[in-house]
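Numbering (the UniProt record's numbering), first residue to last: 1 to 207.
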């Protein structure tokens, strides 16, 4: 899914070659950010379908978080959007997120439609990075995207990183924290989760 409020109209070119919409994961400051593996698709060594899915570990963690939070969340107060939920911040800034939690007073039912959400989420949760990091580091991308979300009004941005098994928690006007993912992480209200403990319980080698 391309991160734009009007997905079918978005396109870009690299060296005169048109990049299919589906290969653009996000747009930040007017710059398209491409999915991992997009160059292989352009070179026709991979099909689009080969790079579209998450790793099984990434999907496993996202599913756990969605179910766990949804089970303990008051859905009269909050709504969860997942599956690369699109978020339109402003012109030139269209993001995709693994899991967004909205206050129902912000994301009212009339604002749930066929376009990307245009209101501020309360919480954004990301599991790993889905873009090709070509001219910036992982930390630079995380910092940029997180700052965009916080400036938009998001209260908390949480990153779970499978390679380092770390959790980054960012809140506006507070010091960002980094911890191992086998410690409880506060999501909102009285909801906490523990990815490391969950993976250990399931017998995963990544616990």
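Using N, Cα and C, we set each Cβ at its ideal position, and we do this for glycine too.
Use the C-beta contact count for residue 23: other C-beta atoms within 10 angstroms, 16 or more gives buried, fewer gives exposed. Reading the chain shown from its first residue, position 23 is the one you call residue 23. The residue is buried, with at least 16 neighbouring Cβ atoms inside 10 Å.
According to DSSP, residues forming a beta bridge with residue 32: Along the chain shown, one-based indexing puts residue 32 at 32. For residue 32, which the question treats as bridged, DSSP gives the partners 27.
Determine the closest residue to residue 103 out of 26, 34, 65 and 155, with distance taken between C-alpha atoms. The count along the chain shown starts at 1 and reaches residue 103 at position 103. With distances taken between CA atoms, residue 103 lies nearest to 155 out of 26, 34, 65 and 155.
Less than 7 angstroms between the CB of residue 22 and some heavy atom of the ligand NAD, yes or no? Ligands are entirely absent from the displayed structure, and the ligand NAD is therefore not among its contents.
Does the segment 112-119 come into contact with the segment 75-86, if we say contact requires no fewer than three beta-carbon pairs (one atom in each stretch) closer than 8 angstroms? Put simply, the segment 112-119 touches the segment 75-86. At least three CB pairs are less than 8 angstroms apart.
Proximity below 8 angstroms, CB of residue 126 to CB of residue 98: Position 126 of the chain shown holds residue 126. Position 98 of the chain shown holds residue 98. Against a cut-off of 8 angstroms, the Cβ pair of residue 98 and residue 126 comes out as a contact.
Here's a check: name, in chain order, each residue in its chain whose Cβ is nearer than 6 angstroms to the Cβ of residue 131, leaving out the five neighbours to either side. The residue labelled residue 131 in the question sits at position 131 within the chain shown. Only 25 and 33 meet the Cβ criterion.
Give the DSSP-derived three-state secondary structure of residue 136 in the structure shown. Looking up residue 136 in the chain shown gives position 136. Residue 136 falls in the coil class under three-state DSSP.
Are the CB atoms of residue 144 and residue 157 nearer to each other than 8 angstroms? For this step, residue 144 is matched to residue 144 along the chain shown. For this step, residue 157 is matched to residue 157 along the chain shown. Their beta carbons are not under 8 angstroms apart, which means residue 144 does not touch residue 157 by this criterion.
Reference residue 178; option with closest CA among 56, 50 and 139: Within the chain shown, the letter at position 178 stands for residue 178. Per the Cα distances, 139.
Helix, strand or coil for residue 56 per DSSP? Translated into the one-based positions of the chain shown, residue 56 becomes position 56. Three-state result, residue 56: helix.
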